[in-house]
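Peer 1:
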Amino acid sequence: MAADQAIADRADASPDADSSGLSTLTRFKFMLARGFLWAWARCFSLKGLYLFGQFFGTLEYLINHKRRRRFRERFHQTFGQHASQIPQSVERICWQHCMRTRCDKLFYLIFDKLPREKIINRIKYHNREYLDEGLKRGKGAYICMSHNGSHHVAILLMALMGYKVAGVRDPNEGNLRRYVQEKYEETFPEFRDIRMFYTDTYPRDLYRCFHDQFILGSALDVSRMRGLRLKTAKVTIFGQEREFLTGTLQIALRCGAPIIQGFVVSRKNFYFHLIGTPPLVDPSTEKDTPEILQAAMQKYADNIAAHLLKYPDHISKA
Numbered sequence: 513m514a515a516d517q518a519i520a521d522r523a524d525a526s527p528d529a530d531s532s533g534l535s536t537l538t539r540f541k542f543m544l545a546r547g548f549l550w551a552w553a554r555c556f557s558l559k560g561l562y563l564f565g566q567f568f569g570t571l572e573y574l575i576n577h578k579r580r581r582r583f584r585e586r587f588h589q590t591f592g593q594h595a596s597q598i599p600q601s602v603e604r605i606c607w608q609h610c611m612r613t614r615c616d617k618l619f620y621l622i623f624d625k626l627p628r629e630k631i632i633n634r635i636k637y638h639n640r641e642y643l644d645e646g647l648k649r650g651k652g653a654y655i656c657m658s659h660n661g662s663h664h665v666a667i668l669l670m671a672l673m674g675y676k677v678a679g680v681r682d683p684n685e686g687n688l689r690r691y692v693q694e695k696y697e698e699t700f701p702e703f704r705d706i707r708m709f710y711t712d713t714y715p716r717d718l719y720r721c722f723h724d725q726f727i728l729g730s731a732l733d734v735s736r737m738r739g740l741r742l743k744t745a746k747v748t749i750f751g752q753e754r755e756f757l758t759g760t761l762q763i764a765l766r767c768g769a770p771i772i773q774g775f776v777v778s779r780k781n782f783y784f785h786l787i788g789t790p791p792l793v794d795p796s797t798e799k800d801t802p803e804i805l806q807a808a809m810q811k812y813a814d815n816i817a818a819h820l821l822k823y824p825d826h827i828s829k830a
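Residues 513 to 830 in the numbering used here are what the sequence shown lists, from first letter to last.
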């Protein structure tokens with residue numbers, strides 16, 4: 513598969529890389545960073561680690577002029593003329609964005625070292641009843657995510673909450689993500705039970721997920737096409753026309769799985785809010801007609817717009 517080839521290419525690019533494509537030096541750097549962050553958390557608590565992340569996020573905001581410029585470009589590109597609806601200034605939102613992303617990375621690095629109860633106590637799931645009611649149908653569920661906020665932690669959080677989960681991801685993941693996922697697998701049995709697919713996965717594997725009553729999650733709001741054969745639909749968001757992926761949503765429709773949209777919001781001191789929406793499509797509908805699909809995709813885009821207006825610092829990375 514293309515995913516396996518991508519990993520092999522990374523390994524070939526570095527003579528001392530292991531089977532995951534990580535070089536010995538890269539692995540050593542991450543090990544040192546994890547050790548330092550965990551020691552800091554043990555000495556000053558998670559609140560102290562959060563303040564540490566805010567401090568370095570502020571430094572990054574002050575000295576990284578290129579990132580500030582990229583964020584401003586991304587901000588205006590995303591919101592367009594709707595930027596006037598946001599009361600905060602772009603600079604303040606950029607500062608908040610830098611602090612949030614820095615803190616999220618710190619937490620992500622030591623996530624597996626925390627007691628399970630401490631993690632679960634930091635999760636608040638809003639509108640959970642939509643998912644739980646949908647699962648009673650016995651056809652699994654599909655959660656449409658988006659590339660805004662720390663969406664990558666949603667699957668692990670839900671697995672720790674006792675759900676059977678699966679996800680679709682890009683095969684070209686960064687070194688940090690691959691390293692941390694290895695550590696999660698060593699620590700959490702729930703993570704080893706997660707089914708993870710790449711964007712070029714054969715559809716039958718996704719059909720099997722819904723048949724086995726898994727919750728499948730993926731992000732549909734792509735900024736670049738990852739393959740010519742991937743199906744898309746045109747939507748309007750913030751007055752701009754965009755193309756979002758539709759393949760996984762169509763499979764969910766055919767399987768009769770409830771389709772719910774999900775967001776992850778990072779809060780103070782490493783608390784996370786999982787936010788679910790009412791079903792995008794009537795759960796009794798098992799059709800993927802162009803009209804039903806287009807209506808669901810536009811509702812998906814409208815929900816993203818409303819979410820970003822409320823949490824502009826959760827805009828996808830710039």
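Ideal placement from N, C-alpha and C gives every residue a C-beta, glycine not left out.
1. Would you mind listing the alpha helix (DSSP H) stretches within the segment 646 to 704 that are 4+ residues and don't spill past its ends, in chain order?
2. Checking 7 Å against the spacing of the C-beta atoms, do Ile816 and Tyr654 come in under that value?
3. Who pairs with His785 in a beta bridge, going by DSSP?
4. Less than 7 Å separating the beta-carbons of Asp733 and His659?
5. For Gly533, which three-state DSSP category applies?
6. Restricting to Cα atoms, I'd like to know which of Leu626, Arg579, Leu718 is closest to Ala551.
7. By the three-class DSSP mapping on this structure, what secondary structure does Phe750 have?
8. Beta-carbon separation of Asp624 and Tyr696 under 7 Å?
9. Just how far apart, CA to CA, sit Ile519 and Leu561?
10. Between the segment 668 to 680 and the segment 590 to 608, can you find at least three pairs of beta-carbon atoms closer than 8 Å?
11. Can you give me the C-alpha to C-alpha distance between Phe750 and Leu618, rounded to a whole angstrom?
12. With three or more C-beta pairs closer than 8 Å as the rule, is the segment 707 to 717 touching the segment 634 to 643?
13. Name the DSSP beta bridge partners of Ser730, please?
14. Compute the distance between the beta-carbons of Ile827 and Gly729, then report whether it is under 7 Å.
15. Skipping 5 residues on each side, what residues in its chain have a beta carbon closer than 8 Å to that of Gln810?
16. Could you please give the first and the last residue of the uninterrupted beta strand (DSSP E) stretch that includes Tyr812?
17. Determine the direct distance from the alpha carbon of Cys615 to that of Arg628, and round the result to whole angstroms.
18. What residue range does the beta strand (DSSP E) around Phe709 cover?
19. Just how far apart, CA to CA, sit Gln517 and Tyr691?
20. Glu641 and Ala671: beta carbons closer than 7 Å?
21. Using 7 Å as the threshold, is the C-beta distance between Gln725 and Gly652 below it?
22. Near Ala731, what residues of its chain come up, given a Cβ to Cβ distance below 7 Å and the 5 sequence neighbours on each side ignored?
23. Does the segment 776 to 783 come into contact with the segment 757 to 768, if we say contact requires no fewer than three beta-carbon pairs (one atom in each stretch) closer than 8 Å?
24. How long is the line joining the alpha carbons of His588 and Glu753, rounded to whole angstroms?
25. Give me, in chain order, the residues of the same chain whose beta-carbon lies closer than 6 Å to that of Ile605; leave out the 5 immediate sequence neighbours on both sides.
26. Could you check the C-alpha separation between Glu645 and Tyr714 for me, to the nearest Å?
27. Within a Cβ cutoff of 7 Å, which residues of the same chain sit near Arg546, ignoring the five residues on either side of it in sequence?
Peer 2: In short, the structure shows the following:
1. 666 to 672, 687 to 699, 701 to 704
2. Within the sequence shown, residue 816 is the residue found at index 304, counting from 1. Within the sequence shown, residue 654 is the residue found at index 142, counting from 1. It is not a contact, given that the beta carbons lie outside the stated cut-off.
3. By one-based count along the sequence shown, residue 785 stands at place 273. In DSSP, His785 forms a bridge with Lys636, Val777.
4. Residue numbering aside, residue 733 sits at position 221 when the sequence shown is read from its first letter. Residue numbering aside, residue 659 sits at position 147 when the sequence shown is read from its first letter. Yes, these two residues count as a Cβ contact at 7 Å.
5. To locate residue 533, count along the sequence shown from 1; it is residue 21. Note: Gly533 maps to coil in three-state DSSP.
6. By 1-based counting over the sequence shown, the position of residue 551 is 39. Of the candidates Leu626, Arg579, Leu718, the one whose C-alpha sits nearest the C-alpha of Ala551 is Leu626.
7. Residue numbering aside, residue 750 sits at position 238 when the sequence shown is read from its first letter. Three-state result, Phe750: coil.
8. Position 112 of the sequence shown, counted from the start, is the residue given in the question as residue 624. Position 184 of the sequence shown, counted from the start, is the residue given in the question as residue 696. Closer than 7 Å, so yes.
9. Translated into the one-based positions of the sequence shown, residue 519 becomes position 7. Translated into the one-based positions of the sequence shown, residue 561 becomes position 49. Residue placement at Ile519 is poorly supported in this model, since its pLDDT is 42, which falls under 50; the coordinates still yield a value, given next. C-alpha separation (whole angstroms): 33 Å.
10. no
11. Along the sequence shown, read from residue 1 onward, the residue named residue 750 stands at position 238. Along the sequence shown, read from residue 1 onward, the residue named residue 618 stands at position 106. Near 32 Å, if we compare the C-alpha coordinates of Leu618 and Phe750.
12. no
13. Start at 1 with the first residue of the sequence shown, and residue 730 comes out as number 218. Beta-bridge pairing links Ser730 to Cys656.
14. Numbered from its first residue, the sequence shown carries residue 827 at position 315. Numbered from its first residue, the sequence shown carries residue 729 at position 217. The answer is no: Cβ separation not under 7 Å.
15. The residue given as residue 810 occupies position 298 in the sequence shown. Val747, Thr748, listed in sequence order.
16. Translated into positions along the sequence shown, residue 812 becomes position 300. Where Tyr812 is concerned, there is no enclosing beta strand (DSSP E), although the alpha helix (DSSP H) it sits in stretches over 802 to 822.
17. Working through the sequence shown from its first residue, we reach residue 628 at position 116. Working through the sequence shown from its first residue, we reach residue 615 at position 103. Between Arg628 and Cys615, the C-alpha separation is close to 19 Å.
18. To locate residue 709, count along the sequence shown from 1; it is residue 197. That run of the beta strand (DSSP E) goes 707 to 710.
19. Residue numbering aside, residue 517 sits at position 5 when the sequence shown is read from its first letter. Residue numbering aside, residue 691 sits at position 179 when the sequence shown is read from its first letter. Since pLDDT at Gln517 reaches only 43, below the 50 mark, its modelled position is unreliable, and the value read off the structure follows with that caveat. If I take the Cα positions, the gap works out to 18 Å.
20. Here residue 641 refers to the residue found at position 129 of the sequence shown. Here residue 671 refers to the residue found at position 159 of the sequence shown. Contact: no.
21. Walking along the sequence shown from the start, residue 725 turns up at place 213. Walking along the sequence shown from the start, residue 652 turns up at place 140. Taking 7 Å as the Cβ cut-off, Gln725 and Gly652 qualify as a contacting pair.
22. Counting from 1 along the sequence shown, the entry for residue 731 is found at position 219. Same-chain partners within the cutoff: Met657, Ser658, His659, His663.
23. no
24. Counted from its first residue, the sequence shown places residue 588 at position 76. Counted from its first residue, the sequence shown places residue 753 at position 241. Taking the straight line from one Cα to the other gives about 15 Å.
25. If you number the sequence shown from 1, residue 605 lands on position 93. The residues are Pro824, Asp825.
26. The count along the sequence shown starts at 1 and reaches residue 645 at position 133. The count along the sequence shown starts at 1 and reaches residue 714 at position 202. Using only the alpha carbons, I get a separation of about 29 Å.
27. Taking the first residue of the sequence shown as 1, we reach residue 546 at position 34. Here the set comprises Leu621, Ile622.
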